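Counting in the working numbering, the final residue of the sequence shown is number 474, and the numbers go up one at a time with none missing.
Quick reminder that beta carbons are idealized off the backbone N, C-alpha and C, glycines included.
Remember, predicted model here, so these are calculated numbers, not experimental data.
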Amino acid sequence: MVFSSAIFLFIFFPIVFIGNLLIRPLWAKNIFLMIASLIFYAFGEPVYVFLMILSSLGNYAFGRWLAYVEKKAARKAILTTAVICNIAVLGVFKYAGFAVENVNHLFGTALPVPAIALPVGISFFTFQAMSYVIDVYRDRGTCQKSFINVLLYISFFPQLIAGPIVRWNEIDRQITERKLDADQITDGICRFVKGLFKKLVFANGFGKVADQVFALDIGNYSMAVAWLGAVCYALQIFYDFSGYSDMAIGMASMFGFHFQENFDHPYSADSIHGFWRRWHISLSSWFKEYVYIPLGGNRIGKFRTELNKLIVFFLTGIWHGANWTFVIWGMIHGIMNVLEDTILPIRKCKWKWVGNIYTWIIAIVAFVMFRADTAAYGWHMIQAMFSNFSWDITSKSFLLEKLDGYTTALLAGGILFSYPVTAKTAVWREKFREAHPEAWENLRYAGVILLFVLCLCNLASAAYNPFIYFRF
Numbered sequence: 003m004v005f006s007s008a009i010f011l012f013i014f015f016p017i018v019f020i021g022n023l024l025i026r027p028l029w030a031k032n033i034f035l036m037i038a039s040l041i042f043y044a045f046g047e048p049v050y051v052f053l054m055i056l057s058s059l060g061n062y063a064f065g066r067w068l069a070y071v072e073k074k075a076a077r078k079a080i081l082t083t084a085v086i087c088n089i090a091v092l093g094v095f096k097y098a099g100f101a102v103e104n105v106n107h108l109f110g111t112a113l114p115v116p117a118i119a120l121p122v123g124i125s126f127f128t129f130q131a132m133s134y135v136i137d138v139y140r141d142r143g144t145c146q147k148s149f150i151n152v153l154l155y156i157s158f159f160p161q162l163i164a165g166p167i168v169r170w171n172e173i174d175r176q177i178t179e180r181k182l183d184a185d186q187i188t189d190g191i192c193r194f195v196k197g198l199f200k201k202l203v204f205a206n207g208f209g210k211v212a213d214q215v216f217a218l219d220i221g222n223y224s225m226a227v228a229w230l231g232a233v234c235y236a237l238q239i240f241y242d243f244s245g246y247s248d249m250a251i252g253m254a255s256m257f258g259f260h261f262q263e264n265f266d267h268p269y270s271a272d273s274i275h276g277f278w279r280r281w282h283i284s285l286s287s288w289f290k291e292y293v294y295i296p297l298g299g300n301r302i303g304k305f306r307t308e309l310n311k312l313i314v315f316f317l318t319g320i321w322h323g324a325n326w327t328f329v330i331w332g333m334i335h336g337i338m339n340v341l342e343d344t345i346l347p348i349r350k351c352k353w354k355w356v357g358n359i360y361t362w363i364i365a366i367v368a369f370v371m372f373r374a375d376t377a378a379y380g381w382h383m384i385q386a387m388f389s390n391f392s393w394d395i396t397s398k399s400f401l402l403e404k405l406d407g408y409t410t411a412l413l414a415g416g417i418l419f420s421y422p423v424t425a426k427t428a429v430w431r432e433k434f435r436e437a438h439p440e441a442w443e444n445l446r447y448a449g450v451i452l453l454f455v456l457c458l459c460n461l462a463s464a465a466y467n468p469f470i471y472f473r474f
């Protein structure tokens, strides 16, 4: 568990933000932010903060080693060792129990299953640590002499426990040369509040319905109930994760950092290929940069290209967690990408709305497996979505109870704003801003304050509901 929302919003973050403004030298800011980040992580993971520090120290040492070694073979050996060490850390803490369970199941053994608590955000900070070493291997000039700066990069609290994943080659200059101005702070506050609203209003609202549906013996309910739960979860995970990404990007901006966008209205895509150019962009770009391209990308023939994609999506699935449900989720997307490249003409369809409906269906079905505790339950849920056409009194009562006015409005708004509807007014907004700059700023601030007040009202009445990606 990390800071509660109230402690973070009203104590921790204001202190860190004001402290960063008061401190002038950049090197001192970096030390201050590094200490604050360690405190943030240690609040919920007092033991595993040492694991993160050791991981950072080990990767820092590998980076320094790579910077001084000249021979190509030796450099490859150092990089391979560093990658193996990082994967071993993930293997022990995230996959050891999963591996033993599968060995016991396959071979009928009774090996004791290790009960190792999963450090929050280990997948995120381990991938960032690997990014540092790989980027130094590619360009030794990017090696950082200061361990403080490397530790800040790996532990920086806005994106430490749920991303976006920041590659070293995107941020190394910002750690040593960034500047902060009023516009960055203002934009950051607006972005943070937008993300907070997504989480507290949309994601939590959809999550209540999704949790209730996924707790049912779904075989006893109609397809309408199954689809309600599936759609609510697909919207929940989008608003939950994109909301956290907005908050992280906003907080980073308030400290002078610029992070890449992590979501670009993925449900507006007209293919699964397009979906992945818009969903969790930092993860897909990480795998493209450090796995897909090194495997050969699309340079060594059609068969290898598609095989490389399947490998990447398998790894994307297993990265999310030690459960076959995540592997199946990843492979659904991988197989659909391969089919779109080969025999499925959806990307050539002139009716984009057809491709968009297809994308929604595939994404929703895949997220059912992602959400399910077991592959068996996920399969039963999918079966109910496509086979149980009954309209029994139990299902009807459940739907009437859950689809009240608020939930119905939330669903309509959630689906609407999953498309880039605000972009349609961009030209009008820009003209208004140029013609009436003061009025525009006043309206902008009023809107942000209104959203924040709504967030506080929701926060006061809601139970603790962590972000979905905290467990990855």
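When you compare the CB positions of residue 266 and residue 251, do they come within less than 8 Å of one another, or not?
To locate residue 266, count along the sequence shown from 1; it is residue 264. To locate residue 251, count along the sequence shown from 1; it is residue 249. No, the pair does not count as a contact, with Cβ atoms beyond the cut-off.
List the endpoints of the continuous alpha helix (DSSP H) containing residue 355.
To locate residue 355, count along the sequence shown from 1; it is residue 353. That run of the alpha helix (DSSP H) goes 354–373.
Alpha carbon to alpha carbon, what distance is there between residue 116 and residue 98?
Translated into the one-based positions of the sequence shown, residue 98 becomes position 96. Translated into the one-based positions of the sequence shown, residue 116 becomes position 114. Rounded to whole angstroms, the gap between the alpha carbons of residue 98 and residue 116 is 7 Å.
Cβ neighbour criterion (16 or more within 10 Å) applied to residue 303:
Translated into positions along the sequence shown, residue 303 becomes position 301. It counts as exposed.
Cβ shell of residue 362 (< 7 Å), same chain only, five flanking positions each side left out:
In the sequence shown, counting from the first residue as 1, residue 362 sits at position 360. Counting only Cβ-Cβ distances below 7 Å, and skipping sequence neighbours, we find 269.
Using 8 Å as the threshold, is the C-beta distance between residue 25 and residue 15 below it?
Locating residue 25 in the sequence shown gives position 23, where the first residue counts as 1. Locating residue 15 in the sequence shown gives position 13, where the first residue counts as 1. Not in contact: residue 25 and residue 15 (Cβ atoms no closer than 8 Å).
Give me, in chain order, the residues of the same chain whose beta-carbon lies closer than 7 Å to that of residue 220; leave out the 5 immediate sequence neighbours on both sides.
The count along the sequence shown starts at 1 and reaches residue 220 at position 218. Closer than 7 Å at Cβ, skipping near neighbours: 228, 382, 383, 386.
Please state whether DSSP places residue 219 in a helix, a strand or coil.
The residue given as residue 219 occupies position 217 in the sequence shown. Residue state, collapsed to three classes: coil.
Environment of residue 3 [buried if 16+ CB atoms lie within 10 Å]:
Residue 3 sits at position 1 when you count from the first residue of the sequence shown. Since pLDDT at residue 3 reaches only 46, below the 50 mark, its modelled position is unreliable, and the value read off the structure follows with that caveat. Under this definition residue 3 is an exposed residue.
Would you mind reading off the limits of the alpha helix (DSSP H) that contains residue 114?
For the purposes of this step, residue 114 is identified with residue 112 of the sequence shown, where counting begins at 1. Looking at the DSSP string, residue 114 is not in any alpha helix (DSSP H), and its letter there is neither H nor E.
Excluding the 5 residues flanking residue 237 on each side, which residues of the same chain have their C-beta closer than 6 Å to its C-beta?
Residue numbering aside, residue 237 sits at position 235 when the sequence shown is read from its first letter. For residue 237, where only same-chain residues beyond five positions count, the Cβ hits under 6 Å are 208, 416.
Buried or exposed for residue 193, going by 16 or more other Cβ atoms inside 10 Å?
Looking up residue 193 in the sequence shown gives position 191. So residue 193 ends up on the buried side.
With 16 other CB atoms within 10 Å as the buried threshold, where does residue 110 fall?
In the sequence shown, residue 110 corresponds to position 108, counting from 1. With fewer than 16 Cβ atoms within 10 Å of its Cβ, residue 110 is classed as exposed.
Measure the CB-CB distance between residue 200 and residue 245 and report whether it falls below 8 Å.
Position 198 of the sequence shown, counted from the first residue, corresponds to residue 200. Position 243 of the sequence shown, counted from the first residue, corresponds to residue 245. Result yes, Cβ atoms of residue 200 and residue 245 sit closer than 8 Å.
Find the nearest neighbour of residue 135 within the set 424, 156, 11, 312, judged by alpha-carbon distance.
Residue numbering aside, residue 135 sits at position 133 when the sequence shown is read from its first letter. For the set 424, 156, 11, 312, the Cα lying nearest the Cα of residue 135 is the one of 156.
Residue 524 versus residue 446 - alpha carbon distance
This structure does not reach residue 524, given that the chain is present from 3 up to 474, and the question cannot be answered.
Would you kindly work out how many angstroms separate the C-alpha atoms of residue 346 and residue 320, rounded to a whole number?
The residue you call residue 346 lines up with position 344 of the sequence shown. The residue you call residue 320 lines up with position 318 of the sequence shown. Their Cα atoms are separated by approximately 26 Å.
What first and last residue would you give for the alpha helix (DSSP H) that runs through residue 140?
Sequence index remark: in the sequence shown, residue 140 carries index 138 (1-based). Counting along the chain, the alpha helix (DSSP H) containing residue 140 begins and ends at 124–140.
Mark residue 388 as exposed unless 16 or more other C-beta atoms lie within 10 angstroms of its C-beta, in which case mark it buried.
Residue 388 sits at position 386 when you count from the first residue of the sequence shown. With fewer than 16 other Cβ atoms within 10 Å, it is exposed.
If you reduce the DSSP assignment to three classes, tell me which class residue 193 lands in.
Position 191 of the sequence shown holds residue 193. Residue state, collapsed to three classes: helix.
Does DSSP put residue 444 in a helix, a strand or coil?
For the purposes of this step, residue 444 is taken as the residue at position 442 of the sequence shown. Of the three classes helix, strand and coil, the one that applies to residue 444 here is helix, per DSSP.
Is the CB-CB distance between residue 124 and residue 92 below 8 Å?
What you label residue 124 is simply residue 122 of the sequence shown in a count that begins at 1. What you label residue 92 is simply residue 90 of the sequence shown in a count that begins at 1. Going by C-beta atoms, residue 124 is nearer than 8 Å to residue 92.
Judging by CA-CA distance, which residue of 80, 58, 55, 57 is the nearest neighbour of residue 67?
By one-based count along the sequence shown, residue 67 stands at place 65. Residue 80 is the option with its Cα nearest to residue 67.
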